[in-house]
Amino acid sequence: MIGRLNHIAIAVPDLDRAAAKYRDDLGAHVSAPQALPEHGVTVVFVDTGNTKVELLEPLGDESPVVGFLAKNPDGGMHHMCFEVPDIMAAAKQLQAAGARVLGDGQPKIGAHGLPVLFLHPKDFCGTLIELEESGKD
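So the sequence shown is numbered by full-length UniProt numbering: it starts at 1 and just counts up by one.
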């Protein structure tokens, strides 16, 4: 069902500082910041050639990332994103197997302009999983 690993997301308390680390210390190409109010975060993407690292910081006090950073003040891995060809078919198959889709179960548009859903971390070895519709068969 899952396709390629699209990105690994790391929650950070200071997006500018984290982006500079990847850009200046590691020599990576880092995208411009992108605010995603519907998801409560501001993100940048670090291009690694074969996938991406998404650095994200809370956008406001209601961001779901605020709680994560309260438990992990220096930041840390937040989620992994896998591509799927049909997000609703994947969600139905996963729910039939007992996985929980977070939120209202309806996809939202993610940072790449494509539908995304999140799966409960307790259903995947303690890791939050994001599914992104790739549109590919």
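Glycine included, every Cβ here is placed at the ideal spot set by N, Cα and C. Since the structure is predicted, the reported quantities are computational estimates derived from the model, not experimental observations.
Element boundaries [beta strand (DSSP E), containing residue i]
| i | result |
| --- | --- |
| I8 | L5 to A11 |
| I2 | Neither: I2 is in no beta strand (DSSP E) and is coded neither H nor E. |
| L26 | It is not in any beta strand (DSSP E) - L26 carries neither H nor E in the DSSP assignment. |
| V116 | P115 to L119 |
Distance between beta carbons of residue j and residue i, contact taken as under 8 Å
| i | j | result |
| --- | --- | --- |
| I8 | V53 | 6 Å |
| A28 | L55 | Contact doesn't hold; Cβ gap of about 11 Å is too wide. |
| Q34 | V43 | 5 Å |
| L131 | V84 | 5 Å |
Status (buried if at least 16 other CB within 10 Å, exposed otherwise) for residue i
| i | result |
| --- | --- |
| D137 | For D137, the predicted model reports a pLDDT of 46, less than 50, meaning its position is unreliable; a value from the coordinates is still stated below. Per the 10 Å Cβ criterion, exposed. |
| T127 | exposed |
| C81 | buried |
| L117 | buried |
| G75 | buried |
| A96 | exposed |
| L5 | exposed |
| P73 | exposed |
| H120 | exposed |
N-terminal and C-terminal residue of the alpha helix (DSSP H) that residue i is part of
| i | result |
| --- | --- |
| L15 | L15 to A20 |
* At least 3 beta-carbon pairs within less than 8 Å: the segment 38 to 55 vs the segment 105 to 124 -> Verdict: yes, contact present.
* Hey, is the segment 82 to 98 in contact with the segment 57 to 71, meaning 3+ C-beta pairs nearer than 8 Å? -> They do not touch, by the three-pair rule.
* Unbroken stretches of the alpha helix (DSSP H), 4 residues or longer, contained in the segment 36 to 95 -> Runs found: 64 to 71.
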